[in-house]
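Engineer:
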Amino acid sequence: MRLTLAALCSICSLVASGTTIHIPADQPTIQAGIDAASQGDTVLVAPGTYTGDGNRDIDFGGTDLVLISEEGAEATVIDCEGSRTDYHRGFDFHMGESAAAVIEGFTIRGGYVGGDFPSRVGGGIRCAPGSPTLLSCIITENSAISAGGIYCADGSMPVLADCTISHNTSRAYSGGGLYCALSSSSPVLTDCAIVSNYSNGHGGGIACWGSCVYPTEPVLVNCVIADNSADANGGAFYGYGYGCGTFPILINCIVANNSAFGGGGLFLSHDCSPSLTNCIIAGNSALRTGGGVDCASSSPILSNCTIAGNTAEDGGGISCYSNWMISPAEPVLTNCVLWSNTPDAVYNDPYDPGYPVFTYCDIEGGGWFGAGNIDA
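Take 48 as the starting number for the sequence shown in this note's numbering and just add one per residue.
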């Protein structure tokens with residue numbers, strides 16, 4: 048939250064001090080307006096659908112400025128018109144732009160990228176590196192080899208507030224909606240919806256990869272992650288820690304109606320150890336293990352959470368598996384409810400078990416030791 052407040056303070060300072068360039072009255076395209084702007088200026092865009100060169104592959108060029116629509120995202124659309132033979136995305140941040148580089152009130156759609164890395168990632172927005180602020184934006188119907196909606200790498204920490212990331216596709220790898228790469232990239236999302244995204248690999252909604260040297264620590268507050276799907280693991284969220292490097296924080300979030308092969312809601316692998324507080328994980332499904340949460344050598348901490356109505360072959364609520372060459376699965380749940388999960392609330396692999404710790408939890412079927420646990 049401190050990052051968000053700092054970003055908003057910077058925005059207010061910029062708006063107060065800069066001049067305003069109107070699109071299309073002063074400049075014919077959005078890119079022309081940005082190119083004509085200086086640090087602290089505002090580029091104000093009239094309602095309409097913006098297409099073609101100058102209105103896609105938009106580059107702030109390292110300048111901290113405010114790009115804002117007059118009438119909001121529903122009325123102001125950047126249509127990238129990308130295709131299999133003509134690659135385009137909405138925005139490309141690659142010069143370390145700060146949170147004072149702002150995009151507010153746009154729909155960004157129709158991005159399609161492919162080819163070799165790095166051009167193939169980030170169908171809607173690529174941050175590599177760049178840490179812009181996105182306010183009240185809709186990132187939808189974009190497609191990439193990986194990171195259909197937004198790609199974050201090289202220490203990028205974009206701030207998103209009141210945004211929707213929907214109907215984006217990762218065609219081959221991970222992160223249908225949002226991808227945090229192995230390079231200390233930690234976006235902050237507040238009051239956002241990550242819905243109806245798809246990944247041919249991992250992480251229908253969100254995928255994060257981190258390491259001990261380059262940890263990834265995304266923060267989501269008051270967000271909804273729903274109706275996403277992945278052909279592999281992690282319908283809503285996939286995290287891979289390389290032994291110690293992925294530490295997401297979810298507060299007051301809803302993870303609902305997502306699906307995947309493993310970890311219909313969240314799939315946590317190789318010591319991905321998130322913290323979830325006051326979250327609801329409900330109605331998710333997995334073909335194999337962990338309808339709600341799948342802990343594969345990972346140790347999440349859940350407080351005051353509800354895991355309900357999830358389904359899987361094993362571990363409808365939560366599943367634990369330990370690869371002893373990596374780390375044990377040791378999830379810690381406090382004041383949580385696990386109920387109406389099919390076929391069971393908790394599954395512990397009989398050959399390579401984890402060591403879940405439950406305290407003051409209501410677990411349907413009981414059978415788990417711990418202070419204050421009930422089955423009622």
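Where a beta carbon is used, it is the ideal one built from N, C-alpha and C, also for glycine.
Whose C-beta lies closer than 6 Å to the C-beta of Ser60 among residues of the same chain, with five residues either side of it excluded?
Structural biologist: Low confidence applies to Ser60: its pLDDT is 48, below 50, so where it sits in the model is not reliable, and the reading given next is rough at best. No residues qualify anywhere along the chain.
Engineer: Ala54 to Tyr198, Cα distance in whole Å?
Structural biologist: Summary for Ala54: the model assigns pLDDT 49, below 50, so the residue's position carries little reliability; its value from the coordinates is reported in the next sentence. Taking the straight line joining both Cα atoms gives about 20 Å.
Engineer: How is Gly309 classed by DSSP in three states: helix, strand or coil?
Structural biologist: Three-state result, Gly309: strand.
Engineer: For Gly95, which three-state DSSP category applies?
Structural biologist: Correct three-state label for Gly95: strand.
Engineer: Bridge partners for Phe164 per DSSP, in chain order?
Structural biologist: Bridge partners of Phe164: none, in fact.
Engineer: Which residues does DSSP list as the beta-bridge partners of Glu151?
Structural biologist: DSSP lists Ile115, Leu182 as partners of Glu151.
Engineer: Return the Cβ separation of Asn420 and Tyr407 in integer angstroms, given the expectation that the two are a contact with Cβ distance under 8 Å.
Structural biologist: That pair is a contact at about 7 Å.
Engineer: I need the DSSP call for Ala303, collapsed to helix, strand or coil.
Structural biologist: It is a strand residue.
Engineer: Quick check on Trp371: buried or exposed, where buried means 16 or more other Cβ atoms within 10 Å of its Cβ?
Structural biologist: When all chains shown are included, Trp371 counts as exposed.
Engineer: Would you kindly work out how many angstroms separate the C-alpha atoms of Asp133 and Arg103, rounded to a whole number?
Structural biologist: Whole-angstrom Cα-Cα distance: 12 Å.
Engineer: How big is the Cα-Cα spacing for Cys239 and Thr389?
Structural biologist: C-alpha separation (whole angstroms): 29 Å.
Engineer: Out of curiosity, what's the CA-to-CA distance linking Pro403 and Gly137?
Structural biologist: So the alpha carbons of these two residues sit roughly 44 Å apart.
Engineer: Tell me which same chain residues have a C-beta within less than 6 Å of the C-beta of Asn244, skipping the five on either side of it?
Structural biologist: If we look at Asn244 and ignore the five residues flanking it on each side, its Cβ neighbours are Asn215, Gly223, Gly224, Gly251, Gly252, Asn275.
Engineer: Nearest-angstrom Cα distance between Cys259 and Leu181?
Structural biologist: Going by the C-alpha atoms only, they are around 29 Å apart.
Engineer: Just the C-alpha distance for Pro165 and Gly363, rounded to the nearest angstrom, thanks.
Structural biologist: If you take the alpha carbons of Pro165 and Gly363, they lie about 38 Å apart.
Engineer: May I ask which residues mark the beginning and end of the alpha helix (DSSP H) holding Ile77?
Structural biologist: Unbroken alpha helix (DSSP H) run through Ile77: 77-83.
Engineer: I'd like to confirm the pairing. Which residues does DSSP put opposite Arg218 in its beta bridges?
Structural biologist: In the DSSP output, where bridge partners are listed per residue, Arg218 has none listed.
Engineer: Threshold first: 3 residues or longer. Then list the beta strand (DSSP E) segments lying entirely within the segment 327-356, N to C.
Structural biologist: Whole beta strand (DSSP E) segments, 3+ residues: 327-329, 340-343, 348-350, 353-355.
Engineer: Exposed or buried, which one is Glu121 when buried takes at least 16 other CB atoms within 10 Å?
Structural biologist: Glu121 is exposed by the Cβ-count criterion.
Engineer: Start and end of the beta strand (DSSP E) containing Leu5?
Structural biologist: Here the chain has residues from 48 to 423 only, and residue 5 is not among them.
Engineer: Phe405 to Asn382, Cα distance in whole Å?
Structural biologist: C-alpha separation (whole angstroms): 8 Å.
Engineer: Please report how far the alpha carbon of Ala376 lies from the alpha carbon of Glu128, in whole angstroms.
Structural biologist: So the two alpha carbons sit approximately 45 Å from each other.
Engineer: According to DSSP, which residues form a beta bridge with Thr89?
Structural biologist: For Thr89, which the question treats as bridged, DSSP gives the partners Thr67, Val113.
Engineer: Please name the residue, chosen from Asp318, Gly338, Ala191, Cys352, that lies closest to Gly162 on a Cα-to-Cα basis.
Structural biologist: Looking at the Cα atoms, Ala191 is the closest of the given residues.
Engineer: Measure the C-alpha to C-alpha separation of Ile70 and Asp106 and round it to an integer number of angstroms.
Structural biologist: Ile70 and Asp106: Cα-Cα distance of roughly 16 Å.
Engineer: Where does Thr132 sit, in a helix, a strand or coil, going by DSSP?
Structural biologist: Reduced to three states, the DSSP call for Thr132 is coil.
Engineer: For Gly177, does the three-state DSSP call read helix, strand or coil?
Structural biologist: If DSSP states are grouped into helix, strand and coil, Gly177 belongs with the strands.
Engineer: Taking the C-alpha atoms as reference points, what is the distance between Val268 and Ala303?
Structural biologist: So the two alpha carbons sit approximately 15 Å from each other.
Engineer: Reducing DSSP to helix, strand and coil, say where His249 ends up.
Structural biologist: Looking at His249 - three-state DSSP - the assignment turns out to be strand.
Engineer: Closest by CA to Arg173, which one among Met142, Asn299, Gly413?
Structural biologist: Closest by alpha carbon: Met142.
Engineer: Less than 8 Å between the CB atoms is what I'm expecting for Ile296 and Cys270, so what's the real figure, rounded?
Structural biologist: Between Cys270 and Ile296 the Cβ distance is about 11 Å, and since that is not below 8 Å, they are no contact.
Engineer: Where does the unbroken beta strand (DSSP E) through Ser213 begin, and where does it stop?
Structural biologist: Element bounds for Ser213: 211-213.
Engineer: Could you give the distance in angstroms between the alpha-carbon of Val160 and the alpha-carbon of Ser130?
Structural biologist: Whole-angstrom Cα-Cα distance: 8 Å.
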